[in-house]
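J.: Here it is, the structure in full.
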Amino acid sequence: MAIQTTEIKEYKKMQETSEVKKKLKSILSKVFNDRQTACVFLYFGVEGLPTEEINNILEKVSFEWKDVSQNMGDLARKIQLQEDINVYFEQLNELEQIIKKKEEWVKSVPFAECPPQSLPGLQDSCQRELTDLLGLGPKMETVRCSCSVLRSQLSGPDFVQRDFDIFLAHFHSVQRDLENCRQQLDDELKSQRGHAYLGALKNLKEVLSDAEDKAQISLNMLNDFTEVEKALQEAKALDEILENQKPTLFKLAEDTRAMEKNVAPDVGQMCKQDFDDVQGKWNRQKMKISKDLQFLEEITPKLRTFEVNPETIRS
């Protein structure tokens, strides 16, 4: 019989069902027509036949119809199950493709070749990739429910659960890779900021030490009246140098507060102590230079007048 050749022998991850459905529809139509024809023949051909023989014929037709109906019902259920499996794997494959792209991204992160200025942007990208991945949660729950429904059916194939488990393991693996990548970028940025912080602190110390030495030299030469005006210009230059360090000083103050929150207490305390020393040195030098400037600006006109006319002092 045609129903015996129209069958789904085994379930697959993706299997076309349109041809089987087409054949089943054709068989249903043919069986229905045959049954109608048999009933008509039986109706018009019963005259002269014994009642027992008629009952036997009716029972046989009824039995065969029930058998065919059951077979067709089984086939229809198999077709529906295969179509549900198809939808399930379409959803699973869609999620798998997204995860593969995340995996390719994290594998392509150029940690070794990445210039320092690119790290913040790379860190933001990594966070976006991780957020997108975790955002797949609702879709994954839908697929998990589909998996449970398929597995609950007696004829549900084992590969449905197996492939979901493989997918889930892959998801968690990529999630860990992205989290490790983010942590590595965080550590690299902290290290970079630490180096930049120490470098800026060292440079400011050197600038202040140099300014302090120059201030001493300038004032030591004041016994020579011809050098007073030069000392005034040098004092103005030193004052400008100190003023120019204000942005660096403010930035270091912010960085010091941030480092105190993000590093070990002993390291934070050491950074704060170093910064306080530098800030104190800047304040002392600024105060000294301001006093020197005021003093030099007061005496320079008088000394210039004395140079031009020494008798002015006597008068």
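Residue numbers (my numbering): 8 to 322. For each residue, glycine too, the CB sits at the ideal point set by N, CA and C. Since the model is a prediction, treat every value here as computed from it, not as a measurement.
1) Count the other CB atoms, across all protein chains shown, that sit within 10 Å of the CB of cysteine 152; report buried if there are 16 or more and exposed otherwise.
2) Pull up the distance between the alpha-carbon of methionine 277 and that of lysine 109, whole angstroms please.
3) Which whole-angstrom value describes the C-beta separation of alanine 218 and leucine 249, a residue pair presumed to lie in contact below a C-beta threshold of 8 angstroms?
4) I think tyrosine 95 touches valine 181, with their Cβ atoms under 8 angstroms apart; what is that distance to the nearest whole Å?
5) With C-beta atoms as the reference, is threonine 255 less than 7 angstroms away from leucine 215?
6) Between which residues of its own chain and leucine 88 is the CB-CB distance below 8 angstroms, once the five residues before and five after are set aside?
7) How long is the line joining the alpha carbons of aspartate 281 and glycine 287, rounded to whole angstroms?
8) According to DSSP, is glutamate 120 part of a helix, a strand, or is it coil?
9) Helix or strand or just coil, what does DSSP make of leucine 192?
10) Apart from the five residues just before and just after arginine 189, which ones in its own chain have a Cβ nearer than 8 angstroms to its Cβ?
11) Our contact map puts leucine 196 next to leucine 126 with C-beta atoms below 8 angstroms; I'd like the distance itself, whole angstroms only.
12) What does the alpha-carbon distance come out to for the pair alanine 203 and asparagine 269?
13) Do isoleucine 92 and histidine 177 count as a contact pair if the criterion is CB distance below 7 angstroms?
14) Nearest by alpha-carbon distance to cysteine 154: which of Phe171, Lys298, Trp112 is it?
15) Residues in its own chain within less than 6 angstroms of leucine 239 by CB, not counting five upstream and five downstream?
16) How should aspartate 299 be labelled, buried or exposed, when 16 other C-beta atoms within 10 angstroms of its C-beta is the threshold for buried?
17) What's the gap between the Cα of leucine 208 and the Cα of threonine 263?
18) Thinking just about the alpha-carbon of each residue, which of Glu241, Phe118, Ala242 is nearest to the one in aspartate 193?
19) Looking at isoleucine 296: is its Cβ nearer than 7 angstroms to the Cβ of aspartate 220?
20) With 16 as the cutoff for other CB atoms within 10 Å, does threonine 294 come out buried or exposed?
21) Cα separation between alanine 244 and glutamate 261?
22) Specify, as a first and last residue, the run of the alpha helix (DSSP H) that glutamine 240 falls within.
23) Residues in its own chain within less than 6 angstroms of valine 150 by CB, not counting five upstream and five downstream?
24) Considering only the alpha carbon of each residue, which of Glu267, Val285, Glu101 lies closest to arginine 200?
25) Does DSSP classify glutamine 134 as helix, strand or coil?
T.: In terms of the structure at hand:
1) Within the sequence shown, residue 152 is the residue found at index 145, counting from 1. The residue in question, cysteine 152, is exposed, as its Cβ has fewer than 16 Cβ neighbours within 10 Å.
2) Taking the first residue of the sequence shown as 1, we reach residue 277 at position 270. Taking the first residue of the sequence shown as 1, we reach residue 109 at position 102. Cα to Cα, methionine 277 sits roughly 41 angstroms from lysine 109.
3) As a working note, residue 218 is residue 211 in the sequence shown. As a working note, residue 249 is residue 242 in the sequence shown. With a Cβ gap of about 6 angstroms, alanine 218 and leucine 249 count as contacting.
4) Mapped onto the sequence shown, residue 95 falls at position 88. Mapped onto the sequence shown, residue 181 falls at position 174. Contact doesn't hold; Cβ gap of about 21 angstroms is too wide.
5) Within the sequence shown, numbered from 1, the residue matching residue 255 stands at position 248. Within the sequence shown, numbered from 1, the residue matching residue 215 stands at position 208. No, the Cβ-Cβ distance between threonine 255 and leucine 215 is not below 7 angstroms.
6) For the purposes of this step, residue 88 is taken as residue 81 along the sequence shown, with counting starting at 1. Closer than 8 angstroms at the Cβ level, and outside the excluded window around leucine 88, lie Tyr18, Leu157, Gln160, Ser162, Gly163.
7) Counted from its first residue, the sequence shown places residue 281 at position 274. Counted from its first residue, the sequence shown places residue 287 at position 280. Taking the straight line joining both Cα atoms gives about 10 angstroms.
8) Indexing the sequence shown from 1 puts residue 120 at position 113. Three-state DSSP puts glutamate 120 in coil, outside helix and strand.
9) Reading the sequence shown from its first residue, position 185 is the one you call residue 192. In this structure, leucine 192 counts as helix in the three-state DSSP scheme.
10) Residue mapping note: residue 189 aligns to position 182 of the sequence shown, counting from 1. If we look at arginine 189 and ignore the five residues flanking it on each side, its Cβ neighbours are Gln130, Cys133, Gln134, Leu137.
11) The count along the sequence shown starts at 1 and reaches residue 196 at position 189. The count along the sequence shown starts at 1 and reaches residue 126 at position 119. Between leucine 126 and leucine 196 the Cβ distance is about 5 angstroms, and since that is below 8 angstroms, they are a contact.
12) Locating residue 203 in the sequence shown gives position 196, where the first residue counts as 1. Locating residue 269 in the sequence shown gives position 262, where the first residue counts as 1. Cα-Cα distance, rounded: 15 angstroms.
13) If you number the sequence shown from 1, residue 177 lands on position 170. If you number the sequence shown from 1, residue 92 lands on position 85. No, the pair does not count as a contact, with Cβ atoms beyond the cut-off.
14) As a working note, residue 154 is residue 147 in the sequence shown. Here the closest residue by C-alpha is Phe171.
15) Working through the sequence shown from its first residue, we reach residue 239 at position 232. Excluding positions up to five away in sequence, the list reads Leu303, Thr307.
16) Counted from its first residue, the sequence shown places residue 299 at position 292. Aspartate 299 is buried by the Cβ-count criterion.
17) Translated into positions along the sequence shown, residue 208 becomes position 201. Translated into positions along the sequence shown, residue 263 becomes position 256. Taking the straight line from one Cα to the other gives about 10 angstroms.
18) The residue you call residue 193 lines up with position 186 of the sequence shown. For the residues Glu241, Phe118, Ala242, the minimum Cα distance to aspartate 193 belongs to Phe118.
19) Against the sequence shown, residue 296 aligns to sequence position 289. Against the sequence shown, residue 220 aligns to sequence position 213. Result no, Cβ atoms of isoleucine 296 and aspartate 220 do not sit closer than 7 angstroms.
20) As a first step, residue 294 must be located in the sequence shown, where it is residue number 287. Reading off the sequence, residue 294 comes out as methionine, not threonine. Methionine 294 comes out exposed.
21) Locating residue 244 in the sequence shown gives position 237, where the first residue counts as 1. Locating residue 261 in the sequence shown gives position 254, where the first residue counts as 1. Each residue's alpha carbon lies about 27 angstroms from the other.
22) Stepping through the sequence shown from its first residue, residue 240 is reached at position 233. That run of the alpha helix (DSSP H) goes 235-251.
23) The residue you call residue 150 lines up with position 143 of the sequence shown. Correct list, in chain order: Gln98, Leu99.
24) The residue you call residue 200 lines up with position 193 of the sequence shown. It is Glu267.
25) Here residue 134 is taken as the residue at index 127 of the sequence shown, counted from 1. Three-state result, glutamine 134: helix.
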